[in-house]
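**Q**
There are 2 protein chains.
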Amino acid sequence: METAGSKIRYLMTPGPVEISPGTLKALSLPVIHHYSPEFIELFEKTTEKVKKVFQTKKDLIIMQGEAVVGLEASVANILDAGDKILVLDNGPYGAWFGIYVENHGGVVVRLKEDYNKAIDPDKVRAALKENKEIKALTVVHMDTPVGIINPIKEICKIAKEFGVLTIVDSVAALGGIDIRPDDWDIDICICGSQKCLSCPPALAPISISEEAWKVMDEKKTPLKLSYLSMTDYRETWIKNRKFPFTPFVSEIYALNASTTEILEEGLPNVFARHKKVAEAIRDAVEAIGLELWPSSQKIASDTVTAIKVPNGIDDEKLRRIMAEKYGVLIAGDVAGLEGKIFRIGHMGYSARMDNALVTIAALERTLQEMKFPVEIGSGVEEILKYF
Amino acid sequence: METAGSKIRYLMTPGPVEISPGTLKALSLPVIHHYSPEFIELFEKTTEKVKKVFQTKKDLIIMQGEAVVGLEASVANILDAGDKILVLDNGPYGAWFGIYVENHGGVVVRLKEDYNKAIDPDKVRAALKENKEIKALTVVHMDTPVGIINPIKEICKIAKEFGVLTIVDSVAALGGIDIRPDDWDIDICICGSQKCLSCPPALAPISISEEAWKVMDEKKTPLKLSYLSMTDYRETWIKNRKFPFTPFVSEIYALNASTTEILEEGLPNVFARHKKVAEAIRDAVEAIGLELWPSSQKIASDTVTAIKVPNGIDDEKLRRIMAEKYGVLIAGDVAGLEGKIFRIGHMGYSARMDNALVTIAALERTLQEMKFPVEIGSGVEEILKYF
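Chains as they are written, first to last, in this note's numbering: chain A, 1 to 387; chain B, 1001 to 1387.
Take a look at the structure:
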């Protein structure tokens, strides 16, 4: 196979992540018809498992697309022209919501924060007090390019005091870090298959509250019969066990397998594993003499570690050496932050201590090769403390 | 695995179809990062292979979604409010285009034909003469629910005489039946992965002409930064070897494997195989004493055979017996035509003489069980003539 030639043995990017042997095997099962009783049953069971991973009893739809389809849809399904949306922007994906809002006829009220800080709930309260008639707010749970966790629980509670709908992008956190759509008043909570759910990119599971459905129904021209429609999934699957179009059979096999593995491990154990790997990596990174991007360890994500590129180091070269010499793929940053940050992903099946050890060992030696003053073994030592 | 319990061994529906062992194996390859050099190279090679299957040198994008995303996008990317679109409607999918046109602000000029007949090119010419300012026409190459082939070449040539953009849904034909976007003046030609390309549902490869790009660019508010945007794929992949969002890595593996197999067999051989299986099935169906849905064999598709449900036969029961007793899954029809048609799909990897034989033998015995007067062996005899 043409894909077998990859030098990469450790996929430490913030998605796609490594996929377990069991999930890979599920992908290669024969495709069955989507309206066969077996597939309907599988889709039901898979949805129930995903709900458990979401820790929700709300409705859950599995949009058949990359996670961004859910981000765009969450805005497109609730907006009437001129509606005001509070966009919480402390990272590139936070900012991105504003583009969707404007493209779909809404008006952006932006609350901007430094990209190395978390959103301050008090500022959200102030913004909602100041701006009347905010219909919804958008916030990213963990903005992948900067590796920062936002206080979703506090933010959503405040939103509800003002009767504001809450849209949370937890694409790169849910399944690795605790999030509770029901207890935390999240109306639309969006995830993606290729992050902590350890599946290939292709699916966007989304929990939707009764209130969110109501807002969608009350939209002047509800979004129906469109690839972006959320209500299409309710009218077909939720109400009638039909599909709006042919679902991604093989990807559903994978999602079923991966959520089975997550639930067998147990959500508290999964979260603890992510936390342990993340803390080990953060400690190791600082021991090596590098600086974390987030303004404090408290807001650093347990699914991705964003690190400042040291002065004089070409981060693209650093990543290339790690990939080619050690088979470890880490990530650079997105447009606007290039050259400032590099990132180690530790999500889902990739969030393992063995992977952490290999990554840090490779990072130490690569920095040494690039003449960065590093004490070989200083990072590895920190990782081993967590073994 | 929960999916291993399926009784279905012969997937004779008009999609999803059976998937070859080689393509299934490709699905289970480890996921690599979409920006690794290996994946970029694979995506390039896959695109080139798909272009060969499309018989086109035009630009080709692979939209990451079920085929309908391409149908909706083809309309959404070219329409300004009030633009008139000629919708050729001789089947449910033909009609469906009208919904997309209206949802995206266009005005539908509908040319309706009986659902058992092909579109008459002369009527297209008349409609274009009568209705000035038609921006584009939409037509389905093969409307799956009715199994009829439309004369795409003739229709598109006429459209070009009037300077009208041509949008062709060849989702259920391309890769099984000859179609030539370049020679036949097709501006936007849409396919889906789960039909003749023998992949899981998930991808929509689409060829796009220079003229179509021009119309998209000249739209008053070009559709950009949206899941439905076609120009996003041009700005990212075609111009810069980037992706608008994470591509479906595993599904691209599958598409690479399946198009490799199609090209190794050779397109003329693939088309001949589809034709042979289809003719055998049509002859067998008539020998059994059933009636084809299309008004003549000449317009019957080589990828799906639509058959009238005989008086007094419950087609749902017929399909259930075939599935449960013989492991052969065939299809009923879509909304509006229920109980009137049942269908045998013979697309891609499912289009084989052995599958045809099993299907007809099962159909004979099921009809007998349901007290339909059938001479056992009459259909099988016809199939064997083609072996």
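We put the CB at the ideal spot given by N, CA and C, even for glycine.
Give me the Cα-Cα distance between residue 1001(B) and residue 49(A), rounded to the nearest whole angstrom.
**A** Only weak support exists for where residue 1001(B) lies, its pLDDT of 32 falling under 50; the coordinates are left without a value.
**Q** Less than 8 Å between the beta carbons of residue 88(A) and residue 111(A), yes or no?
**A** Result yes, Cβ atoms of residue 88(A) and residue 111(A) sit closer than 8 Å.
**Q** Is the Cβ of residue 1002(B) closer than 8 Å to any Cβ of chain A?
**A** Its pLDDT being 35, under 50, residue 1002(B) is placed unreliably by the model, and the measurement read from it follows with that caveat. Yes, residue 1002(B) counts as interfacial toward chain A.
**Q** Consider the Cβ of residue 202(A): report whether some Cβ of chain B lies at a distance smaller than 8 Å.
**A** Yes - at least one Cβ of chain B is within 8 Å of the one on residue 202(A).
**Q** Output needed for residue 387(A): all residues of its chain with C-beta closer than 7 Å, excluding positions within five of it in sequence on either side, in chain order.
**A** 353.
**Q** Can you tell me whether residue 1081(B) is buried or exposed, with buried defined as 16 or more other CB within 10 angstroms of its CB?
**A** Exposed is the call here.
**Q** For the stretch 1175 to 1194 of chain B against the stretch 1151 to 1163 of chain B, do three or more pairs of beta-carbon atoms, one drawn from each stretch, fall closer than 8 Å, so that the two count as touching?
**A** Because the criterion of three Cβ pairs below 8 Å is met, the stretch 1175 to 1194 of chain B and the stretch 1151 to 1163 of chain B touch.
**Q** Compile a chain-ordered list of the residues in the stretch 214 to 226 of chain A whose CB is closer than 7 Å to at least one CB of chain B.
**A** Answer in chain order: 225 and 226.
**Q** Let me check understanding here. Comparing Cα to Cα, which of 349(A), 144(A), 139(A) and 204(A) lies closest to residue 164(A)?
**A** Taking only the C-alpha atoms, the option nearest residue 164(A) is 139(A).
**Q** Just confirm the distance between the C-beta atoms of residue 1025(B) and residue 28(A), as a whole number of angstroms; I'd bet it's less than 8 Å.
**A** So it is a contact: roughly 6 Å between Cβ atoms.
**Q** Consider the C-beta atom of residue 1086(B) and the heavy atoms of the ligand PLP; say whether any pair is separated by less than 7 Å.
**A** The ligand PLP is absent from the structure shown, which contains no ligands of any kind.
**Q** What separation, rounded to the nearest whole angstrom, lies between the Cα atoms of residue 158(A) and residue 1168(B)?
**A** Spanning the two alpha carbons is a distance of roughly 50 Å.
**Q** So what does DSSP say about residue 378(A), is it helix, strand or coil?
**A** Of the three classes helix, strand and coil, the one that applies to residue 378(A) here is helix, per DSSP.
**Q** Residues in the same chain with beta-carbon distance under 7 Å from residue 222(A), minus the five sequence neighbours each way, listed in chain order, please.
**A** 216 and 231, listed in sequence order.
**Q** Please classify residue 1091(B): is it buried, with 16 or more other beta-carbons within 10 angstroms of its beta-carbon, or exposed?
**A** Buried, because 16 or more other Cβ atoms sit within 10 Å of the Cβ of residue 1091(B).
**Q** Return the Cβ separation of residue 1306(B) and residue 1292(B) in integer angstroms, given the expectation that the two are a contact with Cβ distance under 8 Å.
**A** About 7 Å; that satisfies the 8 Å criterion.
**Q** Could you work out which residue in 219(A), 239(A), 365(A) and 6(A) is closest to residue 379(A) when comparing CA atoms only?
**A** For the residues 219(A), 239(A), 365(A) and 6(A), the minimum Cα distance to residue 379(A) belongs to 365(A).
**Q** Might you give, ordered along the chain, the residues of its own chain that have their beta carbon closer than 8 Å to the beta carbon of residue 1265(B), omitting 5 neighbours on each side?
**A** Excluding sequence neighbours, residue 1265(B) sits near 1273.
**Q** For the stretch 1047 to 1070 of chain B, which residues have a beta carbon sitting closer than 8 Å to at least one beta carbon of chain A?
**A** Listed by position, the residues of the stretch 1047 to 1070 of chain B near chain A (Cβ gap below 8 Å) are 1064, 1065, 1066, 1067, 1068 and 1069.
**Q** Could you tell me whether any Cβ in chain A is nearer than 8 Å to the Cβ of residue 1249(B)?
**A** Output row for residue 1249(B): interface = yes.
**Q** So, using beta-carbon positions, are residue 18(A) and residue 350(A) closer together than 8 Å?
**A** Taking 8 Å as the Cβ cut-off, residue 18(A) and residue 350(A) qualify as a contacting pair.
**Q** Quick one: is residue 1003(B) buried, meaning 16 or more other Cβ sit within 10 Å of its Cβ, or exposed?
**A** Low per-residue confidence applies at residue 1003(B): pLDDT is 39, beneath 50, and the placement is therefore not dependable enough to give any value.
**Q** I think residue 995(B) touches residue 1051(B), with their Cβ atoms under 8 Å apart; what is that distance to the nearest whole Å?
**A** Because chain B is modelled from 1001 through 1387, residue 995(B) falls outside the range shown and cannot be assessed.
**Q** At the level of alpha carbons, what is the spacing between residue 67(A) and residue 1108(B)?
**A** Residue 67(A) and residue 1108(B): Cα-Cα distance of roughly 32 Å.
**Q** Identify the residues that DSSP records as bridge partners of residue 1140(B): which are they?
**A** Residue 1140(B) is bridged to 1169(B).
**Q** Just to confirm, are residue 1180(B) and residue 1368(B) a CB contact at a threshold of 8 Å?
**A** In this structure, residue 1368(B) does not lie closer than 8 Å to residue 1180(B) by Cβ.
**Q** Please classify residue 83(A): is it buried, with 16 or more other beta-carbons within 10 angstroms of its beta-carbon, or exposed?
**A** That one is buried.
**Q** Quick one: which residues of the stretch 1018 to 1047 of chain B get their C-beta closer than 8 Å to a C-beta of chain A? List them in chain order.
**A** Within the stretch 1018 to 1047 of chain B, the qualifying residues are 1018, 1019, 1024, 1025, 1026, 1027, 1028, 1029, 1030, 1031, 1032, 1033, 1034, 1036, 1038, 1039, 1041, 1042 and 1045.
**Q** May I ask which residues mark the beginning and end of the beta strand (DSSP E) holding residue 1189(B)?
**A** Element bounds for residue 1189(B): 1188 to 1190.
**Q** So what does DSSP say about residue 326(A), is it helix, strand or coil?
**A** DSSP places residue 326(A) in helix when its eight states are reduced to three.
**Q** Output the boundary residues of the alpha helix (DSSP H) element that contains residue 250(A).
**A** Per DSSP, residue 250(A) belongs to the alpha helix (DSSP H) from 249 to 265.
**Q** Tell me which same chain residues have a C-beta within less than 8 Å of the C-beta of residue 1069(B), skipping the five on either side of it?
**A** The residues are 1063, 1204, 1227 and 1228.
**Q** Run through chain B and tell me which residues come within less than 7 Å of residue 103(A), C-beta to C-beta.
**A** Within chain B, the residues near residue 103(A) are 1225 and 1226.
**Q** So residue 1015(B) contacts chain A; which residues on that side make the cut at Cβ distance below 8 Å?
**A** Simply 246.
**Q** Using a C-beta to C-beta distance shorter than 7 Å, which residues of chain B count as neighbours of residue 297(A)?
**A** Neighbours of residue 297(A) on chain B: none; closest Cβ ~27 Å, over 7 Å.
**Q** Going by C-alpha to C-alpha distance, which of 1075(B), 1172(B) and 1339(B) sits closest to residue 1104(B)?
**A** Checking every option, the nearest Cα to that of residue 1104(B) belongs to 1075(B).
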